[in-house]
Amino acid sequence: MLISSCGSTGGGTGQASSPAPVSTTDQAATVDLVVEIRNDGQNTSYSLQCAGSTALATSKHPNAAKACELLARDSKFLDPSPDPTSQMCTQLYGGPATASVTGTIAGKAVDRDFDLKNGCGISAWTAALPLLVEQPAGT
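Numbering-wise (the UniProt record's numbering), the sequence shown opens with residue 1 and increments by one.
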């Protein structure tokens, strides 16, 4: 037998209150990221700040507008990378380039590394374009 109940400790017959509507400006994610790319002994670092899909003037990223649009659409590619032992990846080497993205999106910490060691890494890097600026030569 399944018994379920709902109720409150307060009496009264007033209408239930609903949450206050959230304005679209409250929903716009605030992005503050540092993108570091290492390739062929050269290190390059860019800062990116966005209000929703709009790049802020403080950004020092060559593709800031496109990167902010990408992050506003979907930033799941910045979730921690899956355990490499749980993935089947092609053994296609894309080159020695690596990248890291650190900072915050909507107050949540971001710390994601990218490489081109195999097909999974190449795919992840490609999904992160234009945030990672460009696909290194050789991929």
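Glycine included, each C-beta is placed from N, C-alpha and C at the ideal position.
- The secondary-structure analysis by DSSP pairs T54 across a beta bridge with A51.
- Under the DSSP definition of a beta bridge, Y46 partners with V35.
- Within the model, the alpha-carbon separation for G41 versus S86 is close to 31 Å.
- Beta bridge pairing from DSSP links V110 with G103.
- Between A106 and V35, the C-beta spacing is not below 9 Å.
- In this structure N63 is buried. Its beta-carbon is surrounded by 16 or more other beta-carbon atoms within 10 angstroms.
- When DSSP reads this structure, D40 sits in no beta bridge, so it has no partner.
- Comparing alpha-carbon positions, the option among L70, P80, K108 and E69 lying closest to S100 turns out to be P80.
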